[in-house]
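Trainee: First, the structure itself, so that you have it in front of you.
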Amino acid sequence: MSFVDEIFLSWYFVCVQRAIQQTPRGNHLKILIIGGGGREHALAWKAAQSARVTQVYVAPGNAGTAREAKVKNVPVGVTELERLLAFAREEQIDLTIVGPEAPLVAGITDRFQAAGLRCFGPSQQAAQLEGSKVFTKKFLARHGIPSAAFAEFTGMEPAERYIRAHFPPAGQDNCHRLASHPEPAPSPESAGDRPGKIPSPTVPPLVIKADGLAAGKGVVIAFGVDQALGAARAMLSGEAFGEAGRRIVVEEYLEGEEASFIALVDGQHILPMASSQDHKPRDAGDKGPNTGGMGAYSPAPVVTSEMHDRIMHEIMEPTVAGMAADGHPYKGFLYAGLMIGRDGTPKVLEYNCRFGDPEAQPILMRLTSDLVELCEAGMNGTLDRCVAQWDPRAGLGVVMAAKGYPERYPTGEVIHGLDSPPLPSPATKVFHAGTKALETKAVTAGGRVLCVCALGETVTEAQAAAYRRVRQIRWENLYYREDIGFRAVRRESE
7 MSFVDEIFLS WYFVCVQRAI QQTPRGNHLK ILIIGGGGRE HALAWKAAQS
57 ARVTQVYVAP GNAGTAREAK VKNVPVGVTE LERLLAFARE EQIDLTIVGP
107 EAPLVAGITD RFQAAGLRCF GPSQQAAQLE GSKVFTKKFL ARHGIPSAAF
157 AEFTGMEPAE RYIRAHFPPA GQDNCHRLAS HPEPAPSPES AGDRPGKIPS
207 PTVPPLVIKA DGLAAGKGVV IAFGVDQALG AARAMLSGEA FGEAGRRIVV
257 EEYLEGEEAS FIALVDGQHI LPMASSQDHK PRDAGDKGPN TGGMGAYSPA
307 PVVTSEMHDR IMHEIMEPTV AGMAADGHPY KGFLYAGLMI GRDGTPKVLE
357 YNCRFGDPEA QPILMRLTSD LVELCEAGMN GTLDRCVAQW DPRAGLGVVM
407 AAKGYPERYP TGEVIHGLDS PPLPSPATKV FHAGTKALET KAVTAGGRVL
457 CVCALGETVT EAQAAAYRRV RQIRWENLYY REDIGFRAVR RESE
């Protein structure tokens with residue numbers, strides 16, 4: 007055999023091996039879910055329902071995933087990419103689904119694909135849609151996708167000049183605001199306990215955002231110059247979010263109603279999930295500091311069929327086409343956080359390069375299609391042949407958090423009531439997030455501890471069922487909002 011023949015055969019066998027690795031094994035699939043939060047519990051729970059799946063692994067998982075049928079936890083952290091890759095090779099994982107943003111921004115999809123392993127998630131470059139606010143704002147502007155006006159800063163001096171121009175001293179005209187804003191700023195009551203002076207009705211707030219990843223907490227709505235300067239200074243100095251905050255975006259404040267629009271994308275085709283609405287502020291009435299999310303419900307009434315079509319045409323399709331045109335075709339879950347203006351115009355607040363948390367929990371409660379098959383279609387570029395099927399009932403999830411979240415909070419507290427008899431109707435499910443197993447008990451191990459979900463014929467019914475289950479669960483330092491779904495409930499009562 008000649009040297010050329012040897013080279014050809016080596017190349018051929020490598021190609022065959024990769025083809026085998028990239029082709030699912032039919033009805034005996036092994037799935038790896040990366041993450042340990044409520045979203046990952048929901049993903050593992052839903053993946054395990056597939057008749058084609060024999061085993062689901064969750065790295066690192068939590069006390070809830072450890073209890074699910076067909077599911078095993080793996081003690082590997084979400085950013086330990088080499089250990090995750092080694093595990094996937096050793097166990098011959100057929101499909102990896104990435105939950106959180108950090109490993110995606112770190113390039114886990116690129117690593118897995120280079121090793122011939124199937125990983126559903128965007129490339130490292132495509133994940134910059136979440137990894138960098140500045141990247142996103144420039145992308146939106148370049149492709150004509152509606153969003154708030156903005157400016158970027160890496161130094162405090164120019165940022166301070168910009169902020170002071172937006173909040174002029176009393177009696178002076180505000181000639182340098184980011185954008186015209188005819189509607190009044192929120193009242194002191196709607197501002198909750200956010201610090202800072204409430205401006206006059208003619209001057210809207212400013213939004214200060216850390217450029218990098220900040221676990222959903224890197225946004226401050228500043229209602230006055232002191233609060234805006236304080237937020238900018240804390241971010242740029244590295245005090246607030248480390249390197250993630252050393253570049254900031256200062257953004258126009260948008261008014262309206264928020265909605266979460268999540269879809270599967272295969273690089274070209276888009277398969278929308280059910281719409282949803284998150285509750286970012288910690289306290290009832292949308293007051294208090296921003297969090298990773300205190301609850302969600304699906305569908306979101308603000309996303310009517312007409313609005314759904316507008317979002318697809320004006321936001322999602324240009325986004326996917328723009329990423330492809332820029333040389334970074336997008337595959338994976340794509341989450342657009344939107345503001346629906348009072349004139350009915352949807353604008354992008356943010357992108358996330360993964361399923362939302364806590365939106366995933368009520369959405370996956372409603373999904374009746376095989377999640378694994380949908381993700382496989384996303385990998386194969388065949389989402390145009392898929393239709394997602396949904397339980398017609400509404401889903402609602404209430405996050406049960408540790409008191410003190412999103413700042414300092416205690417951990418290690420025993421959770422009681424998890425084994426209380428579930429309510430028979432509507433369906434309920436407790437998804438674990440910040441928990442860990444301690445002997446036969448589950449203890450708190452994070453800020454957001456559980457997400458209690460329920461289905462109901464209406465959002466009002468789902469809300470009532472979820473809170474009945476919430477009240478069965480307790481630990482020493484427990485906190486939750488008591489009004490998740492209030493906008494939809496109000497609509498249903500009108």
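In this note's numbering, the protein residues as written are 7 to 500. The C-beta atom is built at its ideal place from N, Cα and C for all residues, glycine as well.
Which partner residues does Ile276 have in the DSSP bridge list?
Mentor: Counted from its first residue, the sequence shown places residue 276 at position 270. DSSP output for Ile276 lists Val271 as bridge partner(s).
Trainee: Start and end of the alpha helix (DSSP H) containing Arg399?
Mentor: Position 393 of the sequence shown holds residue 399. Run containing Arg399: none; DSSP gives neither H nor E here.
Trainee: Any contact between the stretch 373-388 and the stretch 290-300? By contact I mean 3 or more CB pairs, one from each, below 8 Å.
Mentor: no
Trainee: Can we say the stretch 329-345 touches the stretch 240-256, given the rule of at least three CB pairs closer than 8 Å?
Mentor: These segments do not touch.
Trainee: Check whether the stretch 356-370 touches the stretch 440-460, counting contact only when three or more Cβ pairs, one atom from each stretch, lie closer than 8 Å.
Mentor: Taking 8 Å as the limit for Cβ pairs, the verdict is that the stretch 440-460 does touch the stretch 356-370.
Trainee: If Gly343 sits next to Glu356, beta carbons under 8 Å apart, how far is it from one beta carbon to the other, in whole angstroms?
Mentor: Here the question's residue 343 lines up with position 337 in the sequence shown. Here the question's residue 356 lines up with position 350 in the sequence shown. That pair is a contact at about 4 Å.
Trainee: Are at least three pairs of beta-carbons, each pair with one atom in the stretch 91-111 and one in the stretch 129-145, less than 8 Å apart?
Mentor: yes
Trainee: Output the distance between the C-alpha atoms of Gly42 and Ala69, rounded to the nearest integer angstrom.
Mentor: Taking the sequence shown and counting its residues from 1, the one referred to as residue 42 is at position 36. Taking the sequence shown and counting its residues from 1, the one referred to as residue 69 is at position 63. One C-alpha to the other measures close to 9 Å.
Trainee: Do Asn296 and Pro307 have their beta-carbon atoms positioned less than 8 Å apart in this structure?
Mentor: Within the sequence shown, numbered from 1, the residue matching residue 307 stands at position 301. Within the sequence shown, numbered from 1, the residue matching residue 296 stands at position 290. Result no, Cβ atoms of Pro307 and Asn296 do not sit closer than 8 Å.
Trainee: Please give the ranges of any alpha helix (DSSP H) in the stretch 324-381, keeping only runs that are unbroken, at least 4 residues long and fully inside the region.
Mentor: 366-372
Trainee: Buried or exposed: where does Glu163 fall if 16 or more other Cβ atoms within 10 Å of its Cβ makes it buried?
Mentor: Here residue 163 refers to the residue found at position 157 of the sequence shown. It is exposed - the Cβ of Glu163 has fewer than 16 other Cβ atoms within 10 Å.
Trainee: Determine which residues share a DSSP beta bridge with Asp284 and list them.
Mentor: Indexing the sequence shown from 1 puts residue 284 at position 278. Answer is Ala302.
Trainee: Is the distance from the Cβ of Ser304 to the Cβ of Arg391 below 8 Å?
Mentor: Residue numbering aside, residue 304 sits at position 298 when the sequence shown is read from its first letter. Residue numbering aside, residue 391 sits at position 385 when the sequence shown is read from its first letter. Contact: no.
Trainee: Can you give me the C-alpha to C-alpha distance between Val231 and Arg170, rounded to a whole angstrom?
Mentor: The residue given as residue 231 occupies position 225 in the sequence shown. The residue given as residue 170 occupies position 164 in the sequence shown. When rounded, the separation of the alpha-carbon atoms in Val231 and Arg170 is 6 Å.
Trainee: How far does the beta strand (DSSP E) with Glu258 in it reach, from first residue to last?
Mentor: Residue mapping note: residue 258 aligns to position 252 of the sequence shown, counting from 1. Counting along the chain, the beta strand (DSSP E) containing Glu258 begins and ends at Ile254 to Glu258.
Trainee: From the DSSP output, in three-state form, read off Ala394 for me.
Mentor: The residue you call residue 394 lines up with position 388 of the sequence shown. Three-state DSSP puts Ala394 in coil, outside helix and strand.
Trainee: My understanding is that Lys36 touches Glu86, with C-beta atoms under 8 Å, so please give their C-beta distance in whole angstroms.
Mentor: As a position in the sequence shown, residue 36 is number 30, starting the count at 1. As a position in the sequence shown, residue 86 is number 80, starting the count at 1. About 19 Å separates the two Cβ atoms, so there is no contact after all.
Trainee: Where does Asn33 land, buried or exposed, given buried means 16+ other C-beta within 10 angstroms?
Mentor: As a working mapping, residue 33 is identified with position 27 in the sequence shown. Counting Cβ neighbours within 10 Å, Asn33 comes out exposed, since fewer than 16 surround it.
Trainee: Can the beta-carbon of Ala216 be found closer than 8 Å to that of Ile268?
Mentor: On the sequence shown, residue 216 is found 210 positions in, with the first residue counted as 1. On the sequence shown, residue 268 is found 262 positions in, with the first residue counted as 1. Between Ala216 and Ile268, the C-beta spacing is not below 8 Å.
Trainee: Taking Val77 as the reference, which of Leu91, Ala48, Val84 and Arg95 has the closest Cα?
Mentor: On the sequence shown, residue 77 is found 71 positions in, with the first residue counted as 1. The shortest C-alpha separation from Val77 is found at Ala48.
Trainee: Based on DSSP bridge pairs, tell me the residues matched to Lys215.
Mentor: Indexing the sequence shown from 1 puts residue 215 at position 209. According to DSSP, Lys215 bridges with Val225 and Val255.
Trainee: Taking the beta carbon of Thr92 as the centre, do at least 16 other beta carbons fall within 10 Å, making it buried, or is it exposed?
Mentor: For this step, residue 92 is matched to residue 86 along the sequence shown. The question names Thr, but residue 92 in the sequence shown is Ala. Exposed.
Trainee: For the putative contact between His285 and Ala302, defined by C-beta atoms under 8 Å, what is the C-beta separation to the nearest angstrom?
Mentor: Here residue 285 refers to the residue found at position 279 of the sequence shown. Here residue 302 refers to the residue found at position 296 of the sequence shown. The Cβ separation is near 7 Å, so the contact holds.
Trainee: Does the beta-carbon of Gly67, which I'm using as the reference point, lie nearer than 7 Å to any heavy atom of the ligand GTP?
Mentor: By its list of ligands, the structure shown contains no ligand whatsoever, and the ligand GTP lies outside what it can speak to.
Trainee: What would DSSP say about Thr441, mapped onto helix, strand or coil?
Mentor: The residue given as residue 441 occupies position 435 in the sequence shown. If DSSP states are grouped into helix, strand and coil, Thr441 belongs with the strands.
Trainee: Count the other CB atoms, across all protein chains shown, that sit within 10 Å of the CB of Asp116; report buried if there are 16 or more and exposed otherwise.
Mentor: Position 110 of the sequence shown, counting from 1, holds the residue named residue 116. That one is buried.
Trainee: Let me know if Cys181 comes out buried or exposed under the rule of 16 or more other beta-carbons within 10 Å of its beta-carbon.
Mentor: Mapped onto the sequence shown, residue 181 falls at position 175. The predicted model places Cys181 with a pLDDT of 42, which falls under 50 and marks its position as unreliable, so this point remains unresolved.
Trainee: Relative to the C-alpha of Met577, which residue among Ile39, Pro128, Gly83 and Ser56 is closest?
Mentor: Residue 577 cannot be examined here, being either before or after the span of the chain that is shown, 7 to 500.
Trainee: Between Thr441 and Thr434, how many whole angstroms is the CB-CB distance? I'm expecting something under 8 Å.
Mentor: Sequence index remark: in the sequence shown, residue 441 carries index 435 (1-based). Sequence index remark: in the sequence shown, residue 434 carries index 428 (1-based). Thr441 to Thr434, Cβ: 17 Å. No contact.
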